[in-house]
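Participant:
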Amino acid sequence: MTRKLHLGVRKVDITPMEPVPLAGFAVRSGQGPFTGVSERLFARLFVFDSQALDDDGAAKRALLVSADLIWWGSERVPRLKARISERYGIEPDAILLHGTHTHSGPQTSALFTSYLGVPDEAYLDSLETNVVNGIAEAIHDLEPVHTAKGTGKSELAINRRGLRRTPPELRTADQEVSVLRYTREDGSVKAILAHYACHPVITDENRVSPDYVGIAMSEVEGHFGKGTVCGFLQGTCGDLNPGDGKAVLQGRHDLVVQAGRSFAQAILRTLEEPMAELPAVGLSWRTVTVPLPLASLPEPDVLASGEALPGVQGEWHRIQRSRYAQLKPELPITLTLLRLAEGCSLLAMDAEVVVDYGLAIKRRSLGEVLPVGYTNGMLGYVPTAEMLEEGGYEAVESTVYFAMPSVFSREVEPIMMQAINSLLCGYGQ
Numbered sequence: 000m001t002r003k004l005h006l007g008v009r010k011v012d013i014t015p016m017e018p019v020p021l022a023g024f025a026v027r028s029g030q031g032p033f034t035g036v037s038e039r040l041f042a043r044l045f046v047f048d049s050q051a052l053d054d055d056g057a058a059k060r061a062l063l064v065s066a067d068l069i070w071w072g073s074e075r076v077p078r079l080k081a082r083i084s085e086r087y088g089i090e091p092d093a094i095l096l097h098g099t100h101t102h103s104g105p106q107t108s109a110l111f112t113s114y115l116g117v118p119d120e121a122y123l124d125s126l127e128t129n130v131v132n133g134i135a136e137a138i139h140d141l142e143p144v145h146t147a148k149g150t151g152k153s154e155l156a157i158n159r160r161g162l163r164r165t166p167p168e169l170r171t172a173d174q175e176v177s178v179l180r181y182t183r184e185d186g187s188v189k190a191i192l193a194h195y196a197c198h199p200v201i202t203d204e205n206r207v208s209p210d211y212v213g214i215a216m217s218e219v220e221g222h223f224g225k226g227t228v229c230g231f232l233q234g235t236c237g238d239l240n241p242g243d244g245k246a247v248l249q250g251r252h253d254l255v256v257q258a259g260r261s262f263a264q265a266i267l268r269t270l271e272e273p274m275a276e277l278p279a280v281g282l283s284w285r286t287v288t289v290p291l292p293l294a295s296l297p298e299p300d301v302l303a304s305g306e307a308l309p310g311v312q313g314e315w316h317r318i319q320r321s322r323y324a325q326l327k328p329e330l331p332i333t334l335t336l337l338r339l340a341e342g343c344s345l346l347a348m349d350a351e352v353v354v355d356y357g358l359a360i361k362r363r364s365l366g367e368v369l370p371v372g373y374t375n376g377m378l379g380y381v382p383t384a385e386m387l388e389e390g391g392y393e394a395v396e397s398t399v400y401f402a403m404p405s406v407f408s409r410e411v412e413p414i415m416m417q418a419i420n421s422l423l424c425g426y427g428q
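For the sequence shown, position 279 matches number 278 in numbering that gives the first Met the number 0, and the numbering has no gaps at all.
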């Protein structure tokens with residue numbers, strides 16, 4: 000049968016109505032709620048409908064929500080997915096709740112230490128309701144589209160781990176920009192998805208901002224006008240920050256705007272080059288959850304003796320002691336593979352995954368699969384075996400802030416790669 004992809008989009012303002020604490024920077028601890036709004040936050044909704052009828056006579060649909068959030072809280076995702084599924088009939092495994100990973104938006108999870116930000120329940124309730132209601136408008140907006148894919152380059156991303164060594168060294172980054180363009184039957188641009196791997200952490204001001212990502216998306220939308228929605232897919236940027244080739248970029252809002260406009264130009268340049276038309280296919284998805292082993296579990300006497308320590312260390316000890324009966328020797332990670340078109344799929348993960356895994360996914364799939372982090376919850380950082388041997392923030396220090404019981408075992412890397420390879424069976428052939 001001839002398949003045709005239908006797409007409906009909606010852009011929902013999710014800026015907090017009242018000041019709440021922001022997430023992502025420990026230096027904000029104790030500063031209280033945000034003091035202003037530099038740029039508004041949005042959730043960009045994409046409803047995909049393959050118009051391929053299954054045995055029950057129902058069209059297959061998938062939902063992507065790309066939101067200017069640090070992530071979606073793991074403890075709230077199942078309930079939100081169930082709410083969406085019950086109202087709209089979209090299967091939970093076909094729902095990707097993605098955060099662009101801005102560090103200047105509200106915290107969405109209560110699972111971590113307060114140094115990563117404290118969630119505001121009233122805001123989260125409002126956020127979820129606004130997104131759920133917005134899906135109805137995206138469904139109403141469904142119309143046939145043609146998909147095209149292009150690749151370009153932005154030099155914004157730099158590997159921060161190498162820069163923290165003495166002497167500094169330049170390590171691998173992923174500077175590839177992947178762009179999906181969705182055009183209507185009349186040739187006008189309905190929507191764009193831009194994929195890139197780079198932390199949105201240019202500013203730590205106590206002000207609301209989607210960082211460079213939001214600036215870039217708005218710039219691209221403004222370029223096309225006519226209701227075009229441009230959504231962002233954050234790649235495996237665990238160890239990648241914005242940089243100038245020699246050092247990471249850190250500053251105030253004017254630097255955010257500068258970087259965002261530069262990144263928007265990289266997207267627009269990609270759109271100006273010849274793009275590959277992707278045939279429509281029936282939407283399909285697969286989800287796997289695998290346990291990632293921890294190196295060890297803390298002893299009760301150690302936790303008790305550490306509760307009085309100052310700062311984040313004391314909070315970590317208190318959290319682990321309160322959770323001790325529930326601690327397990329592994330933490331689960333969930334990977335979802337969503338096929339959007341012939342030659343393009345997303346592999347989404349509920350973690351801060353470092354760039355090595357993303358590059359491996361691209362190599363294994365010959366570029367057909369885009370690796371996406373910060374989706375459907377947040378586990379914490381997933382480092383490589385080499386990083387665990389070296390130490391550093393991604394492998395060791397971050398586990399305290401994320402209230403993880405321990406660092407991962409070095410077996411985490413082969414287990415991750417086995418799960419990735421299993422999902423990608425049939426790709427890159």
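Glycine included, every Cβ here is placed at the ideal spot set by N, Cα and C.
Everything numeric in this text was worked out from a predicted model, so none of it was measured.
Any idea if D54 is buried or exposed, counting beta-carbon neighbours within 10 angstroms, 16 or more meaning buried?
Facilitator: Annotation note: pLDDT 48 at D54 (below 50); position unreliable, coordinate value reported separately. The residue in question, D54, is exposed, as its Cβ has fewer than 16 Cβ neighbours within 10 Å.
Participant: Run the CB neighbour count on C229, radius 10 Å, all protein chains shown included, and call it buried at 16 or more, exposed below.
Facilitator: Buried: at least 16 other Cβ atoms inside 10 Å.
Participant: By the 10 Å Cβ neighbour count, where 16 or more other Cβ atoms means buried, how is Q417 classified, buried or exposed?
Facilitator: Q417 comes out exposed.
Participant: Sorted by chain position, which residues of the same chain lie with C-beta nearer than 7 angstroms to E410's C-beta, five sequence neighbours on each side aside?
Facilitator: For E410, where only same-chain residues beyond five positions count, the Cβ hits under 7 angstroms are P292.
Participant: Give, in chain order, every unbroken run of the beta strand (DSSP E) that is at least 3 residues long and sits entirely within the region 348-386.
Facilitator: 368-371, all fully within the region 348-386.
Participant: For the putative contact between H97 and P199, defined by C-beta atoms under 8 angstroms, what is the C-beta separation to the nearest angstrom?
Facilitator: Actually they do not touch by this definition, with Cβ atoms about 13 angstroms apart.
Participant: For the region 117-136 against the region 3-16, are there 3 or more C-beta pairs whose distance is under 8 angstroms?
Facilitator: Contact holds: three or more Cβ-Cβ distances are below 8 angstroms.
Participant: Hey, could you find the ends of the beta strand (DSSP E) L233 is sitting in?
Facilitator: According to the sequence as given, residue 233 is Gln; it is not Leu. Note, Q233: beta strand (DSSP E), 228-233.
Participant: When you compare only the Cα positions, how much space is there between R338 and P20?
Facilitator: Near 37 angstroms, if we compare the C-alpha coordinates of P20 and R338.
Participant: Does DSSP put H5 in a helix, in a strand, or in coil?
Facilitator: Note: H5 maps to strand in three-state DSSP.
Participant: Between the Cα of M16 and those of R39, T107, T269, K80, spot the shortest distance and give me the residue it belongs to.
Facilitator: For M16, the nearest C-alpha among the options comes from R39.
Participant: Suppose contacts are defined by Cβ-Cβ distances below 9 angstroms. Is A265 in contact with S177 by that definition?
Facilitator: Not a contact, by the Cβ cut-off of 9 angstroms.
Participant: Based on DSSP bridge pairs, tell me the residues matched to P440.
Facilitator: The chain is shown from 0 up to 428; residue 440 falls before or after that span and cannot be answered.
Participant: Report whether the distance from the Cβ of P273 to the nearest heavy atom of the ligand MG is below 8 angstroms.
Facilitator: This structure lacks the ligand MG, and indeed carries no ligand of any kind.
Participant: By alpha-carbon positions, which one of V371, D203, P299 ends up nearest to Q325?
Facilitator: The shortest Cα separation from Q325 among V371, D203, P299 belongs to P299.
Participant: Tell me the residue span of the beta strand (DSSP E) that contains V176.
Facilitator: Start and end: 175-182.
Participant: Reducing DSSP to helix, strand and coil, say where E412 ends up.
Facilitator: Helix.
Participant: What first and last residue would you give for the beta strand (DSSP E) that runs through I157?
Facilitator: That run of the beta strand (DSSP E) goes 156-158.
Participant: What are the start and end residues of each continuous beta strand (DSSP E) run of 3 or more residues lying completely inside the region 74-112, in chain order?
Facilitator: Whole beta strand (DSSP E) segments, 3+ residues: 94-98.
Participant: Who are the near neighbours of V395 in its chain, counting only those whose CB is closer than 6 angstroms to its CB and skipping five residues on each side?
Facilitator: Around V395: V406.
Participant: Using the Cα positions of V219 and D67, report the straight-line distance between them to the nearest angstrom.
Facilitator: Each residue's Cα considered, the two are about 16 angstroms apart.
Participant: Out of V381, S37, A402, state which residue places its alpha-carbon closest to the alpha-carbon of S208.
Facilitator: Checking every option, the nearest Cα to that of S208 belongs to S37.
Participant: For a test of the three-state rule: what should DSSP assign to Q249, helix, strand or coil?
Facilitator: It is coil, neither helix nor strand.
Participant: Report the rounded CA-to-CA distance for E127 versus V64, giving the unit in angstroms.
Facilitator: Going from the Cα of E127 to the Cα of V64 covers about 11 angstroms.
Participant: How big is the Cα-Cα spacing for N158 and E393?
Facilitator: N158 and E393: Cα-Cα distance of roughly 12 angstroms.
Participant: What residue range is occupied by the uninterrupted beta strand (DSSP E) comprising E396?
Facilitator: Counting along the chain, E396 falls outside any beta strand (DSSP E), and DSSP gives it neither H nor E.
Participant: For the putative contact between V371 and A340, defined by C-beta atoms under 8 angstroms, what is the C-beta separation to the nearest angstrom?
Facilitator: Between A340 and V371 the Cβ distance is about 15 angstroms, and since that is not below 8 angstroms, they are no contact.
Participant: In this structure, how does DSSP classify D140 when only helix, strand and coil are distinguished?
Facilitator: Here D140 sits in coil by DSSP.
Participant: Using DSSP bridges, identify the partner residues of F407.
Facilitator: L293.
Participant: In the DSSP assignment, what are the bridge partners of G313?
Facilitator: For G313, which the question treats as bridged, DSSP gives no partner whatsoever.
Participant: Tell me which residue opens and which closes the alpha helix (DSSP H) that I214 is part of.
Facilitator: Where I214 is concerned, the enclosing alpha helix (DSSP H) stretches over 210-223.
Participant: Whole angstroms is fine: what's the gap from A93's alpha carbon to L62's?
Facilitator: Rounded to the nearest angstrom, the two C-alpha atoms are 6 angstroms apart.
Participant: With distances taken between CB atoms, is the gap from R160 to E351 smaller than 9 angstroms?
Facilitator: No.
Participant: Where does the unbroken beta strand (DSSP E) through L239 begin, and where does it stop?
Facilitator: Its beta strand (DSSP E) spans residues 239-241.
Participant: Would you kindly check if the distance between the Cβ of V287 and the Cβ of S73 is under 9 angstroms?
Facilitator: Contact: no.
Participant: Which partner residues does A307 have in the DSSP bridge list?
Facilitator: According to DSSP, A307 bridges with nothing at all.
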